[in-house]
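A.B. asks: For reference, each letter of the sequence shown is one residue, going 59 to 186 in my numbering. Virtual Cβ for every residue (Gly too), placed ideally from N, Cα, C. Would you mind keeping the following structure in view while I ask a few things?
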Amino acid sequence: MANQALLDRTFAACSHPIRRGIVERLADGELSVGEATSDFGVSKPAISRHLRVLEEAGAISRVIDGRTHRLRLKEQPFEDADAWLGQLRAMWERKFDAVERYLAEQQAQRAGGSGRRARGGRRGAGDG
Numbered sequence: 059m060a061n062q063a064l065l066d067r068t069f070a071a072c073s074h075p076i077r078r079g080i081v082e083r084l085a086d087g088e089l090s091v092g093e094a095t096s097d098f099g100v101s102k103p104a105i106s107r108h109l110r111v112l113e114e115a116g117a118i119s120r121v122i123d124g125r126t127h128r129l130r131l132k133e134q135p136f137e138d139a140d141a142w143l144g145q146l147r148a149m150w151e152r153k154f155d156a157v158e159r160y161l162a163e164q165q166a167q168r169a170g171g172s173g174r175r176a177r178g179g180r181r182g183a184g185d186g
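Encoded structure:
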């Protein structure tokens with residue numbers, strides 16, 4: 059099971075659409091800060107704050123080479139989140155499978171019950 063505090067930070071870091079956009083761009087590979095953050099329509103200080111949130115959550119890493127800052131997605135926080143979501147997915151699949159079995163049983167009972175009535179003739183007025 060993933061560390062709950064790390065999981066909380068990962069989900070919090072991804073709670074903003076700009077940060078999700080940065081993560082999506084970095085999913086394709088390492089990018090410069092400019093490449094990863096262009097076209098969001100916010101100020102450079104706002105971008106810096108978003109990047110800081112992602113870095114503090116451990117979602118991205120930054121390599122500084124002279125004046126160029128390169129960003130890379132760190133996989134572990136997202137793998138932990140995926141594992142946690144996978145546990146929930148498995149639980150819901152079990153619940154849906156149980157509902158599906160129940161509905162199939164109900165349908166079989168109705169089909170079997172109507173077949174007996176058809177063979178046994180019409181029910182009388184006093185039958186319940």
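#1: Report yes if the CB atom of D123 is closer than 8 angstroms to the CB atom of T68, and no otherwise.
#2: From A169 to F136, what distance separates their C-alpha atoms?
#3: Does the separation of the CB atoms of L64 and R130 fall below 8 angstroms?
#4: Which residue spans inside the stretch 101 to 164 form an unbroken alpha helix (DSSP H) run of at least 4?
#5: For S119, which residues in the same chain have their Cβ closer than 6 angstroms to its Cβ, ignoring the five residues on either side in sequence?
#6: Give me the Cα-Cα distance between K153 and G144, rounded to the nearest whole angstrom.
#7: Would you please state the rounded distance, in angstroms, between the beta carbons of R147 and V111? I believe it to be under 8 angstroms.
#8: From which residue to which residue does the alpha helix (DSSP H) around E82 run?
#9: Can you name the start and end residues of the alpha helix (DSSP H) that E88 belongs to?
C.D. replies: Checking against the coordinates, here is how it stands:
#1: Judged by beta-carbon spacing, T68 lies beyond the 8 angstroms limit of D123, meaning their Cβ atoms are not closer than that value.
#2: Cα-Cα distance, rounded: 48 angstroms.
#3: Contact: no.
#4: Taking only runs of at least 4 residues, the alpha helix (DSSP H) segments lying wholly in the stretch 101 to 164 are 102 to 114.
#5: If you ignore the 5 residues before and after S119, its C-beta comes within less than 6 angstroms of the C-beta of R130, K132, all in its own chain and listed in chain order.
#6: Distance from the CA atom of K153 to the CA atom of G144, rounded to whole angstroms, is 14 angstroms.
#7: With 8 angstroms as the limit, R147 and V111 do not qualify as a contact, their Cβ atoms being about 27 angstroms apart.
#8: First-last of the alpha helix (DSSP H) with E82: 75 to 84.
#9: Where E88 is concerned, there is no enclosing alpha helix (DSSP H), given that its DSSP letter is neither H nor E.
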